[in-house]
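Per the UniProt record's numbering, the very first residue in the sequence shown carries number 1; after that it's consecutive.
Data first, discussion second: the structure below is written as structure tokens.
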Amino acid sequence: MNPPERQDFRLDVLRELGNIGSGRAATALSQLLNRRIQMKVPQVQVMTFSELLDARGGADMPVATVVIDIQGDVEGRMFFMQDIRSVERVIEVVLGERDGIEKLSEMAYSLLFEMGNILVSSYFSALSDLTGLRMSVTVPRVSIDMLGAILGEGLAEMEQLENKAIVIDAEIIEGQGRFEGAFCFIPIPSSMDVLFGALGV
1 MNPPERQDFR
11 LDVLRELGNI
21 GSGRAATALS
31 QLLNRRIQMK
41 VPQVQVMTFS
51 ELLDARGGAD
61 MPVATVVIDI
71 QGDVEGRMFF
81 MQDIRSVERV
91 IEVVLGERDG
101 IEKLSEMAYS
111 LLFEMGNILV
121 SSYFSALSDL
131 TGLRMSVTVP
141 RVSIDMLGAI
151 LGEGLAEMEQ
161 LENKAIVIDA
171 EIIEGQGRFE
181 GAFCFIPIPS
191 SMDVLFGALG
201 V
């Protein structure tokens, strides 16, 4: 298998993992919110940091992000990112609040915290089950700022991170509402080899 074919195959495997994780996340979110939730994973990419910033609207794009560290056989940092409009729509649909992101209530903050925790934990639970690798997640942190600032601060706290990120787009569907977000996993360099080795790719 030549390098381009291997890369395509790896992305297919990651997309399938994303679909499995999204199924688990949808079930957990449905229970949390007491309403039917569906999730789709339309696209998975491996990007450099500059490509990631360009793809998500630039370094100055305001976003709400849940940041979680991954520990164990695979280590790194996961960001679940949503643009401000999507977050405000989620809060309005679920809580009925329309005050905007500038006046985030305690309940709205807790909602973002729990949703991010469920989404990331579901993905890595699926990954752990399928690979047999031991992985755990830390307590999430919610951050609302410009994308470049969030990523820059998050990466500065960790040493020896990979110069590429696994980016998994996600669509959360509730009734007639669709809310878009993206997982961004930045592993330490050795973890990328461990992960794909366990997947046989």
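C-beta atoms are modelled at their ideal positions from N, C-alpha and C, and glycine is treated no differently.
- The residues V66, V67, I68, in chain order, have a CB closer than 8 angstroms to that of R141 in the same chain once the five nearest residues on each side in sequence are set aside.
- Bounds of the beta strand (DSSP E) holding A165 are 164-174.
- Straight-line measurement puts the Cα of G96 at about 37 angstroms from the Cα of E75.
- Of all alpha-carbon atoms in S143, D145, F124, I144, the one lying nearest the alpha-carbon of M135 is that of F124.
- Rounded to the nearest whole angstrom, the CA to CA distance from Q7 to A126 is 21 angstroms.
- In the three-state reduction of the DSSP assignment, Q71 falls in the strand class.
- Under the criterion of beta carbons closer than 8 angstroms, E92 and R98 qualify as touching, at roughly 5 angstroms.
- No residue range can be given for S105, since it is assigned to no alpha helix (DSSP H) and is classified by DSSP as neither H nor E.
- In terms of CA proximity to T138, M78 leads the group E180, M78, D129, E171.
- DSSP places M61 in no beta strand (DSSP E); its state is neither H nor E.
- Around the beta carbon of A170, 16 or more other beta carbons lie within 10 angstroms, which makes this residue buried.
- Around the beta carbon of G18, a 10 Å sphere encloses 16 or more other beta carbons of the protein chains shown; the residue is thus reported as buried.
- Taking C-alpha positions only, L52 is separated from M81 by approximately 12 angstroms.
- Taking all protein chains shown into account, D83 has 16 or more neighbouring C-beta atoms within 10 Å of its C-beta and is therefore buried.
- Linking L11 to P187 through their CA atoms gives a straight-line distance of about 16 angstroms.
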